[in-house]
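The structure under discussion appears below in the form of structure tokens.
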């Protein structure tokens, strides 16, 4: 299944980096940890990092009911969400050709405020499982009061674009021939460190499997 | 020197995580690799990942003169820029208390298009040196044609906010006492991998010191 680009979700710069498979969109969203949510407040853009989770072609976002960005986003205002993974710095022979290897997903749409309690709980499960797979069934679920204090938004993934850059620098032949500089890719790796148990845990509490399997 | 928050750069949610030292803003911006630039296009927000660099209290951004986001940003429109570093997932005893450890900087302002050729070149140097310290003097500088094809924007860092979360989960005492779940922080580490030389480099070309010193 391919993405159906609209004018604003059509990649205009670097078309050769555009990817149109919906699976690629899912893969980028699943690989990220936080997204950047942009809304318009008083005619000016506001962008904030926030957690998210994906279920099929729905992106769930959440936050305090007191957060203005989220209130604006849930009031039927247009939103834009970006998830970006930087995979490396591309060292080129010419300053102009410096680049990064990355995977980028951008979603445009109107967020829907989830009010149905069961769907709200589902959205929170999706969000928690995205950040911490396996954690939801391990922890205390939200109380009614906590649920009421949380805004959950659902954003349809219909209008989205994906750009991916991989591989070596794209220097001009003249620069390659001139041999002016070293060129290559310095990869950026993201890895989990050793779990740091909460100091308020009873001594000797084992780290559960849903955490250790991430290492 | 402290940040002077305006209404929109005042941290409203999680005030205890707000940091007001200008040095903290600089530190977050210097530690990031890409930013998320948001502009308003046709009354809707658009957010895209892009490279940046900092010189004092000026943030430089750049892109192709053909890129609409950057054209909008350079036309005196308000912009918002976020730089986010995720340091770990905070596993709590209650779903409601799940969080992330992070460093976040958000800048509001109006970007100025840099037209003076010398300052434009300076901005590009700052951008290149941010992504690849030491590279600028090693590579071929931009030609007049390349300079003309590049938009360089300068954004003042006056109106900015910083939020930082560190440390263990902040569970309620009842949840700690109940001992329902493991809790702690799973740190996220970002490291450079081994440099991957461009296949078009002459065999045996040594990796220069400005690259190896990052490892």
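Chains as they are written, first to last, in the numbering used here: chain A, 55 to 269; chain B, 55 to 269.
Just so you know, even glycine gets a beta-carbon here, dropped at the ideal spot from N, CA and C.
Query, Result
"Does residue 269 of chain B pass the burial test, meaning 16 or more other C-beta atoms within 10 Å, or should it be called exposed?", "exposed"
"Beta-carbon of residue 128 of chain B versus every beta-carbon of chain A: anything under 8 Å?", "no"
"Going along the chain, which residues of its own chain have a beta-carbon closer than 8 Å to the beta-carbon of residue 192 of chain B, five neighbours each way excluded?", "262, 264"
"What would DSSP say about residue 186 of chain B, mapped onto helix, strand or coil?", "coil"
"Which residues in chain A sit within 7 Å of residue 148 of chain B, going by Cβ to Cβ distance?", "193, 194"
"Using a Cβ-Cβ cut-off of less than 8 Å, give me the residues of the stretch 219-241 of chain A that come near chain B, in sequence order.", "222, 223, 225, 229, 230, 232, 233, 234, 235, 236, 237, 238, 239, 240, 241"
"Relative to the C-alpha of residue 103 of chain B, which residue among B/201, B/93, B/163, B/146 is closest?", "B/93"
"Comparing C-alpha positions only, which one of A/95, A/235, A/173, A/206 sits nearest to residue 188 of chain B?", "A/235"
"In chain order, what residues of the same chain have a beta carbon less than 8 Å from the beta carbon of residue 239 of chain A, not counting five sequence neighbours either side?", "142, 143, 144, 145, 155, 221, 222, 223"
"Got a sec? Which residues, its chain only, sit under 6 Å from residue 152 of chain A by beta carbon, not counting five neighbours each side?", "146"
"With distance defined between alpha-carbon atoms, name the residue in B/82, B/130, B/74, B/139 nearest to residue 105 of chain A.", "B/139"
"Roughly how many angstroms lie between the CA atoms of residue 227 of chain B and residue 162 of chain B, to the nearest whole one?", "38 Å"
"Report the option in B/135, B/89, B/229, B/252 whose CA atom is closest to the CA atom of residue 254 of chain A.", "B/229"
"Give the interface partners of residue 182 of chain A over in chain B, defined as CB-CB distance under 8 Å, in chain order.", "149, 152"
"Could you tell me whether the Cβ of residue 72 of chain B comes closer than 8 Å to any Cβ of chain C?", "Considering every chain present, this structure includes no chain C. Its protein chains are A and B."
"Apply the 10 Å Cβ neighbour rule to residue 174 of chain B and answer buried if 16 or more other Cβ atoms are within range, or exposed otherwise.", "buried"
"Specify, as a first and last residue, the run of the beta strand (DSSP E) that residue 57 of chain A falls within.", "It is not in any beta strand (DSSP E) - residue 57 of chain A carries neither H nor E in the DSSP assignment."
"Looking at the secondary structure, which residues open and close the alpha helix (DSSP H) in which residue 126 of chain A lies?", "122-127"
"Could you work out which residues of chain B lie near residue 118 of chain A, taking near to mean beta carbons separated by less than 8 Å?", "67"
"Assuming residue 99 of chain A contacts residue 99 of chain B (C-beta within less than 8 Å), just tell me the rounded distance between them.", "5 Å"
"Flag residue 156 of chain B as yes if its beta-carbon sits less than 8 Å from any beta-carbon of chain A, otherwise no.", "yes"
"Taking DSSP's pairing of strands, which residues face residue 139 of chain B in a bridge?", "B/157"
"Using only the alpha-carbon positions, how far apart do residue 198 of chain A and residue 66 of chain B sit?", "24 Å"
"Using the Cα positions of residue 62 of chain B and residue 246 of chain B, report the straight-line distance between them to the nearest angstrom.", "36 Å"
"What's the C-alpha gap between residue 73 of chain B and residue 111 of chain B?", "17 Å"
"Taking only the alpha-carbon atoms, compute the straight-line gap between residue 260 of chain A and residue 183 of chain A and give it to the nearest angstrom.", "20 Å"
"Let me check understanding here. Comparing Cα to Cα, which of A/108, A/130, A/258 lies closest to residue 181 of chain A?", "A/108"
"Is the Cβ of residue 59 of chain A closer than 8 Å to any Cβ of chain B?", "no"
"For residue 84 of chain A, which option in A/137, A/124, A/130, A/90 has the closest C-alpha, if you only look at C-alpha atoms?", "A/137"
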